[in-house]
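In the UniProt record's numbering, the protein residues as written are 1 to 325.
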């Protein structure tokens, strides 16, 4: 089979496309014939040795995939050969086949194609877990989404609206904000042209945002925590800006605020029943048309490095997908 390989930590340009042996699934795994793979921010980190997981060389990046089950390990009971599924792989999805633990695989709705399915699990799974289990977002509350045109950001906008929140979307350009507006955002903040902190306070009559969804970090975190509401919750989702911020804890004290880490991958493994319930709700919203995943760019497997680069340089809106078949 063909696979994009990382043979040493380095930039995306160092990745190579080669023929390798197909993986043999273990008793608790399935063999997935990959049709499409989602591209996510961790892919930009894992190939440079900056992610919390460092797979042995050579490995394929790609943390999520969608395709068809080709083999089923004897300990996997909820899947069968021929099922159309989405899978959380961690790495390995930029290949024609990947072995995946059965607990990380879910059947996809009949109306969902492989490109959408490959773009769905990580972004919507992360944002649903963040807003439901971590923030306990309530109808009528104000949700601020930073990086609102990116994959997880757009998912958070849509899920926030589905949960009944008033959503303020923040992004760095008018073009990106237009995408967030189309996804249902009620208010918009262009933080390249105005003060994020001042605009949050203006749009909330000085009260601040009840929940802040932050996949960006850096300077935006510094401003956002200063405009959080009493009993507010700030969700630490990622650091696309490249800088991990430090928190002056007196700010949390003064607002009675909570700063909450979001690590959906571990949640999915530790609380599989809760994760499955989340996805049943997500699939219901998808069927109702409340969730409309935006796949803005599709790359062939041979151009996977370009896909990673474009995402890492924050050129993409919505999700980027590598089409394998």
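Ideal Cβ positions, reconstructed from N, Cα and C, are used throughout, including at glycine.
Can you tell me the Cβ-Cβ gap for residue i and residue j, rounded? I've got them flagged as a contact below 8 Å.
i	j	result
residue 237	residue 142	At roughly 18 Å, the Cβ-Cβ gap does not stay under 8 Å, so residue 237 and residue 142 are not in contact.
residue 62	residue 92	6 Å
residue 224	residue 234	7 Å
residue 164	residue 139	3 Å
residue 64	residue 88	6 Å
residue 130	residue 148	That belief does not hold up - the Cβ atoms of residue 130 and residue 148 are roughly 14 Å apart, past 8 Å.
residue 215	residue 150	7 Å
residue 124	residue 294	At roughly 12 Å, the Cβ-Cβ gap does not stay under 8 Å, so residue 124 and residue 294 are not in contact.
residue 268	residue 104	7 Å
residue 157	residue 169	6 Å
Taking residue i as the reference, which of the options has the closest Cα?
i	options	result
residue 352	107, 145, 275 and 68	In the structure as shown, the chain begins at 1 and stops at 325. Residue 352 is therefore absent and cannot be evaluated.
residue 84	64, 107, 90 and 198	107
residue 239	213, 97, 229 and 253	213
residue 217	211, 209, 241 and 232	241
residue 308	121, 1 and 6	6
If we ignore side chains and look at the alpha-carbon of each, how far apart do residue i and residue j end up?
i	j	result
residue 8	residue 128	34 Å
residue 27	residue 57	23 Å
residue 40	residue 306	13 Å
residue 102	residue 74	10 Å
residue 98	residue 32	5 Å
residue 36	residue 322	6 Å
residue 301	residue 266	28 Å
residue 315	residue 299	14 Å
residue 24	residue 34	15 Å
Can you tell me where the alpha helix (DSSP H) with residue i in it begins and where it stops?
i	result
residue 202	196 to 203
residue 251	249 to 255
residue 270	264 to 270
residue 307	304 to 312
Could you please give the first and the last residue of the uninterrupted beta strand (DSSP E) stretch that includes residue i?
i	result
residue 261	258 to 261
residue 124	Element bounds for residue 124: not the beta strand (DSSP E) but the alpha helix (DSSP H), 121 to 129.
On the CB-based measure, 16 or more other CB atoms within 10 Å of its CB, does residue i come out buried or exposed?
i	result
residue 77	exposed
residue 30	buried
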